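Taking it in order: structure first as structure tokens, then the write-up.
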Amino acid sequence: MRLFHRHHRLRPAKTTRATSFSSSSSTTCTTSPTPPDPSTLSHLVSRQHWSRLKTLISASAAAFATTPADAAVSFLRILLDSASTSSVAALRFSRWSQSHYRCPRAFDLPLHCRLLLALAADKLYSDLRSELHYLVRSGPHSAVSILHTLAVSAEPSRRRHDSLSILADMLILALVKNSRTSAAIEVFYRSRDFGYRLSVLSCNPLLSSLIREEKFDAVEAVYKEMIRRRIPPNLITFNTVINGFCKEGKLRRAGDLTEDMKSWGFSPSVITYNTLIDGYCKKGGAGKMYRADVLLKQMVDANIHPNVVTFNTLIDGYCKDGNSSSAMRFFQEMKRQELSPGVVTYNTLINGLSCEGKLNEALELLKEMEELNLAPNVVTYNAIINGFCKKKMMAEAKGMCDVLMGKNLLPNVITYNTLIDGYCRAGMMEDAMVLKRLMLENGISHNVSTFSCLINGFCKDGDTKSVVKLLDEMREKNVRPDIVIYNVLIRALCKEGELTKAVKLLDETLEVGLKPTHVTYNTIIDAFCVKGNLRAALNMRARMERGGKRANVVTYNVFIKYFCGRGKMEEANEFLNEMLEKGLVPNRVTYNMIKDEMIERGYVPSIDGHLCNNAS
DNA sequence: TGTAAAAACT
């Protein structure tokens with residue numbers, strides 16, 4: 014009697030992994046033991062007789078001179094080969110054997126794919142999800158090889174079947190959930206070659222995670238590919254892609270897509286409006302809150318009721334615009350509309366007030382929260398600690414940290430970074446370094462901001478040695494410098510007049526794949542102006558615009574300062590007009606310069622009263 | 001089964 018089919022036969026333990034089960038050649042077992050038949054196995058599994066299964070597996074492994082892990086794999090194959098046993102039994106057995114015989118070498122991708130197909134055929138989707146999750150997390154296989162193996166493991170008649178499409182959908186979902194977005198993208202594009210029809214089930218989460226990772230080009234590409242492949246988008250798809258455009262600062266395109274979605278039969282929802290309003294609030298620049306207000310009116314006209322998130326978003330926008338009094342007005346308005354402010358509302362306001370130095374009002378709101386039984390969280394305290402730090406009131410900041418811990422809350426990396434930055438600003442570098450050590454002892458790792466605060470502090474001190482030491486430490490700990498670190502270093506070099514080195518660092522940001530910001534360029538432009546090298550400053554502005562950053566108010570202020578400082582009022586006026594033509598609105602710095610120099614000399618009319626809340 | 005809001009560093 015043939016006990017095992019040829020392709021079931023266990024291969025000798027010594028055979029290398031390169032050869033698969035089916036190709037094993039000369040397994041000689043003259044006294045073959047009785048192999049388990051599928052129904053016995055299935056029965057044992059469904060009764061969870063694991064110890065009996067273990068005995069069977071050990072016996073089988075001994076008889077075929079192989080490892081128990083490999084024997085378990087062949088048992089799984091028997092279960093899957095049998096038409097009468099359910100996929101649930103195979104799944105249970107697979108899970109048990111995976112946890113019992115931890116052996117990555119025994120991980121057989123084709124076999125696992127057959128299990129997935131069996132689960133899909135039985136529509137056991139939640140089991141399928143967790144299996145895919147496991148496969149994606151633990152498997153040494155690339156995502157595309159999983160996709161490919163699934164395709165070839167399916168019976169030819171079912172290769173174009175919906176269940177394969179569902180598997181591809183769920184594979185993408187599993188990859189996204191495991192933060193393997195690039196692999197998910199690859200599967201998204203390759204699934205077309207296999208003829209799978211994906212759905213919003215995987216596409217929407219993929220789009221969301223691309224936004225989280227700020228891969229905005231990919232968001233647009235995936236969206237366009239969805240339309241091309243006739244994967245029907247839904248309301249969430251539109252809201253997500255609109256959010257992508259907003260986060261990228263492309264508000265025009267976000268607005269266009271809001272129009273487009275109507276032709277697909279979707280009306281903008283409260284989330285659509287909230288997303289757009291937040292886009293304007295975060296965009297920065299003059300008149301942004303005006304645009305946000307216009308959207309608010311539009312949504313009300315469209316009979317979409319603003320909710321708590323709408324108000325929180327507007328309140329934050331006004332706070333970031335340095336206009337906490339308008340923020341407070343919206344706070345009152347939301348109460349009037351019987352929307353209850355939540356922890357986020359209070360945190361937003363407390364942060365806004367703290368940033369403006371209005372600490373008493375911030376503390377008042379903290380009290381109000383507690384009276385309303387809204388539990389302040391670590392974000393609340395961080396905002397207040399930041400307020401104290403900005404005023405160099407380090408004892409009070411530290412005290413607030415104690416209050417936080419007294420409430421059984423744990424300081425997080427932001428709490429520590431805030432305090433470290435406070436100590437640095439107050440010139441207390443030793444205290445800052447003590448805190449750096451303390452946070453590690455409390456189980457909070459340093460991040461790139463921890464280092465930028467400290468490096469900034471030591472740069473201000475002119476303590477180059479300590480700066481270099483911190484940069485070395487970052488390299489050791491694999492903390493990659495971000496653009497803020499570069500900006501800090503560039504600023505320090507500029508202050509020392511080392512402009513060649515500063516420009517070299519700018520070049521380096523591009524080499525390491527970082528995007529220079531306005532701050533990066535403006536710092537260098539300012540340094541050239543300070544040196545009296547207008548030509549180099551103008552060249553740097555040209556470079557900045559080639560790099561996709563348009564001159565902003567700060568850039569113009571730098572040039573206006575240069576000309577005002579030299580009494581060249583015509584040129585200063587020229588730059589002022591240019592900035593106005595570009596739709597940039599002068600801020601307080603501009604105002605102070607032109608007030609001192611240009612208005613008094615009659616070059617420009619007084620604009621008193623036109624600059625209210627443009628502090629920056 | 002997926003979409004919107006808050007805290008640190010230039």
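In the numbering used here, the protein residues as written are 14 to 629. Here a beta-carbon is modelled for each residue, glycine too, at the ideal position from N, C-alpha and C. Note that the structure is predicted; figures quoted are calculated from it, not measured.
Check                                                                                                                                                                                              : Outcome
Could you tell me the boundaries of the alpha helix (DSSP H) in which residue 87 lies?                                                                                                             : 81-94
If we count the other Cβ atoms within 10 Å of its Cβ and call it buried at 16 or more, is residue 43 buried or exposed?                                                                            : Annotation note: pLDDT 44 at residue 43 (below 50); position unreliable, coordinate value reported separately. Answer is exposed; the Cβ neighbour count stays below 16.
Can you have a look at residue 181 and say buried or exposed, based on whether 16 or more other CB atoms are within 10 angstroms of its CB?                                                        : buried
Under the three-state reduction of DSSP, which class applies to residue 247: helix, strand or coil?                                                                                                : coil
Assuming contact is defined by CB atoms lying nearer than 8 Å, are residue 123 and residue 95 in contact in what I supplied?                                                                       : no
Taking all protein chains shown into account, do 16 or more other C-beta atoms lie within 10 angstroms of the C-beta of residue 504, making it buried, or fewer, making it exposed?                : buried
On the CB-based measure, 16 or more other CB atoms within 10 Å of its CB, does residue 1 come out buried or exposed?                                                                               : Residue 1 is absent from the model: the chain starts at 14 and stops at 629.
Do you know how far the Cα of residue 254 is from the Cα of residue 308?                                                                                                                           : 18 Å
Does the structure place the region 98-106 close enough to the region 148-160 that three or more beta carbon pairs sit under 8 Å?                                                                  : no
Could you pull out every unbroken alpha helix (DSSP H) segment of at least 4 residues lying fully inside the region 150-198, listed in chain order?                                                : 156-166, 175-190
Ordered along the chain, which non-local residues of its own chain (more than five positions away) have a Cβ less than 8 Å from that of residue 36?                                                : Per-residue confidence for residue 36 stands at a pLDDT of 34, beneath the threshold of 50, marking its modelled position as unreliable; the derived number appears in the next sentence. For residue 36, where only same-chain residues beyond five positions count, there are no Cβ hits under 8 Å.
CB residue 426 to CB residue 398, shorter than 8 Å?                                                                                                                                                : no
What's the C-alpha gap between residue 572 and residue 558?                                                                                                                                        : 15 Å
Determine the direct distance from the alpha carbon of residue 240 to that of residue 203, and round the result to whole angstroms.                                                                : 16 Å
On the premise that residue 564 lies in contact with residue 576, defined as a C-beta separation below 8 Å, what is that separation, rounded to the nearest angstrom?                              : Wrong, their Cβ atoms sit about 15 Å apart, outside the cutoff.
Check whether the region 225-232 and the region 177-191 touch, using three or more Cβ-Cβ pairs below 8 Å as the test.                                                                              : no
Does the separation of the CB atoms of residue 370 and residue 340 fall below 8 Å?                                                                                                                 : no
Between 286, 262, 226, 225, which lies nearest to residue 251 when the distance is taken from Cα to Cα?                                                                                            : 286
On the three-pair Cβ rule with 8 Å, is the region 505-513 touching the region 482-489?                                                                                                             : no
Distance check for residue 136 and residue 470, CA to CA, integer angstroms please.                                                                                                                : 59 Å
Could you say which of 377, 441, 429, 291 lies nearest to residue 449 if we only look at CA atoms?                                                                                                 : 429
Please go through the same chain and pick out, in chain order, the residues whose beta-carbon is closer than 8 Å to the beta-carbon of residue 414, but skip the five residues on each side of it. : 394, 398, 424, 428, 432
Considering residue 519, what are the terminal residues of the alpha helix (DSSP H) in which it resides?                                                                                           : 512-524
In whole angstroms, what is the alpha-carbon distance linking residue 312 and residue 318?                                                                                                         : 7 Å
List the whole-angstrom C-beta distance separating residue 643 from residue 496, where the pair is believed to meet the contact cut-off of C-beta under 8 Å.                                       : Summary: the structure shown does not reach residue 643, with the chain confined to residues 14 through 629, and so no result is reported for it.
Report yes if the CB atom of residue 128 is closer than 8 Å to the CB atom of residue 88, and no otherwise.                                                                                        : no
Determine the burial state of residue 529: buried for a count of at least 16 other Cβ atoms within 10 Å of its Cβ, exposed for fewer.                                                              : buried
Helix or strand or just coil, what does DSSP make of residue 109?                                                                                                                                  : helix
Could you tell me if residue 140 is buried or exposed, where buried requires 16 or more neighbouring beta carbons within 10 angstroms of its beta carbon?                                          : buried
When burial is assigned at 16 or more other CB atoms within 10 Å of the CB, is residue 257 buried or exposed?                                                                                      : buried
According to DSSP, is residue 406 helix, strand or coil?                                                                                                                                           : coil
Could you check whether residue 562 and residue 534 sit closer than 8 Å to each other, using their CB atoms as the reference points?                                                               : yes
Pick helix, strand or coil for residue 1, following the three-state DSSP scheme.                                                                                                                   : With the chain covering 14 to 629 only, the question about residue 1 has no answer from this structure.
Rounded to whole angstroms, what is the Cα-Cα separation between residue 333 and residue 402?                                                                                                      : 18 Å
Count the other CB atoms, across all protein chains shown, that sit within 10 Å of the CB of residue 481; report buried if there are 16 or more and exposed otherwise.                             : exposed
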